[in-house]
Each structure stands twice: as C-alpha cells, then as structure tokens.
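Now the structure itself:
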C-alpha cells in the first residue's frame, strides 16, 4: 500500500534578523515533497499572516494559497514549488513595504514629517527588509530545503503595499529574483509624489530575464488604481516588455481584499510558475 502524501506548513516563530524586527515565517511544502532529483521553485510572499490561515489573517479572510497550489499542481499547470511567507510586523508594515524610490525619497524635512505622521517613523525600512529577504531568509530556505537557487526559479508575490515591495525587490535584486506578481499595487503614495514613477524606468530589470504580473480591481481602494497602472504599463512597454513576460489585467467587480486576491490568484501563479 502506497502512503498518502499531504502538503505541510512549517512554522518558524520569531525568525531573527540583523536588519529588521523578528517576525513569523511560514513555509508550505507540496504533497510528496521532497521528490528525488526535483529542485523546487520558490515563491516568496509578504503579509504572511494572511496567506494560509483565516485565523491569523488581519481581516478574517486568507488567500488560501495552499489550496490553490494543490489544485494547480494536481492539474500540472505549474512546476513543483515551495511557498515561503514572511509576516508583516503591523506597526512597520508601511515603512518596510514602501519603496525607497528615488534614493532620496524621504530625505526632506517635509517628507520625514509626513512619514512620521502617517507611520510613526521618520525613515523607510524597505531596503533593510529586502536585505532580510535576500541575505537571511533566502539562504535559510536554500540551505534547509530542496530548492533551485536559480534566479529564473525564484519569485515574489504580494498585494497592495506587498505588490509595491515585490516590484521593488525585483528592481533592487535582479540577480536574485526572476519574476514578481504585484496584485492591486498601491502606487498612489503622496509622500513619494512623482518621484517613484519617474524613477521606475531607471530600475526596470532586463526583459530578457525577468517577468512581471500586475492587476487591479474596480471597487473600493482598487477603483483609484487604473490610471497609475496604465502609466506603469507604458513604462515597462517602452523598456521592451511584451505579452511573453508582462501581464497587466483589470478585474471588473473585484475589491481590495484577500477574498478577491484569492479568487484570482491562480492567474499570476500560472504565469510565474508554469
């Protein structure tokens, strides 16, 4: 009799970092892991408390990525993949996920005051957060699990501010990450003004070796995103991205919430992981 393999979620509470506050990390392993001679792709996701379990979710609804991954793997729609989630720490989420674009984005006294008023901190921690992701979390995963360490097998995914930091990670570490899914990306940030949009063309990685997925809904907070996303689409198109390595999709009737990200997440998963 053959054993029945089930997927597994491993929990690492208070994962230590030299760069950012400690946080919980969860790692999902697909059924049958580890298969002989298989080097698993790795998908890194932000806001980890919202990914698997509605009991830990900030808003009572989870993405249920484990179930989505199971279905896609069973259908042969994606490659064998491990999902690694990093929880946000609540109080520093905005400061950790806001791209430092351009480099002097919040150096003025006015910007620091605005940041302090909105987040409680007068600086950004996104560069530190990406050091944690690339210099601490990724090496831990690669050392302890049967993963492919290749750029083309290493991906990012997030929504809202998590979409922004996924895009920023690809731009800051193009030799580490090969693809990013940025859902309901929160581009309109008054503190950054036009600076971020103007800096994007300077940071877009090579379309020959990278791929990006963006999307947005039409209701609640997402209703404001279309003009911003259209601008970003044109910037990527000008840089050489096309339908083979770039997607930007509008989802009519979708709101800014885990419920709707879960509903459509199979689309970016297949685009990145097929």
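Numbering (our numbering), first residue to last: 207 to 480. For glycine and all other residues, C-beta sits at the position ideal for the given N, C-alpha and C. None of these values were measured; they are calculated from a predicted model.
Would you mind reading off the limits of the beta strand (DSSP E) that contains residue i?
i           : result
residue 456 : 452-457
residue 364 : 360-365
residue 417 : 417-423
residue 220 : 214-221
State buried or exposed for residue i, treating a residue as buried only when at least 16 other CB atoms are found within 10 Å of its CB.
i           : result
residue 208 : For residue 208, the predicted structure reports a pLDDT of 46, less than 50, and the residue's modelled location is therefore unreliable. A value from the coordinates is still provided. Counting Cβ neighbours within 10 Å, residue 208 comes out exposed, since fewer than 16 surround it.
residue 338 : buried
residue 299 : buried
residue 349 : exposed
residue 255 : buried
residue 408 : exposed
residue 426 : exposed
residue 214 : exposed
residue 444 : exposed
residue 211 : Low confidence applies here, because residue 211 scores a pLDDT of 46, under 50, leaving its location unreliable; read the following figure in that light. So residue 211 ends up on the exposed side.
residue 235 : buried
residue 415 : exposed
If you follow the alpha helix (DSSP H) that residue i is in, where does it begin and where does it stop?
i           : result
residue 401 : 401-409
residue 271 : 271-280
residue 386 : Careful: residue 386 lies outside any alpha helix (DSSP H), inside the beta strand (DSSP E) at 385-389.
residue 334 : 332-337
residue 473 : 472-479
Could you say which of the options lies nearest to residue i if we only look at CA atoms?
i           : options               : result
residue 229 : 304, 278, 291 and 390 : 291
residue 413 : 392, 449, 331 and 283 : 449
residue 302 : 343, 391 and 325      : 325
residue 307 : 289, 424, 362 and 395 : 395
residue 246 : 263, 473, 287 and 474 : 287
residue 165 : 312, 405, 397 and 420 : A question about residue 165 goes unanswered here, because the residues of the chain that appear run from 207 up to 480.
residue 296 : 417, 249, 236 and 264 : 264
residue 226 : 281, 346 and 332      : 332
Do the segment 434-441 and the segment 465-472 touch if we need at least three Cβ pairs shorter than 8 Å?
-> The answer is no - the segment 465-472 does not touch the segment 434-441, with fewer than three Cβ pairs under 8 Å.
Taking contact to mean at least 3 C-beta pairs separated by less than 8 Å, is the segment 261-278 in contact with the segment 369-385?
-> Contact between the segment 261-278 and the segment 369-385 is absent, because fewer than three Cβ pairs lie under 8 Å.
Within the segment 229-299, note down every full alpha helix (DSSP H) run reaching 4 residues or more, in order along the chain.
-> Listed in chain order, the complete alpha helix (DSSP H) runs (minimum 4 residues) inside the segment 229-299 are 271-280.
Can you find at least 3 beta carbon pairs, one from the segment 357-364 and one from the segment 248-265, that sit closer than 8 Å?
-> They touch, by the three-pair rule.
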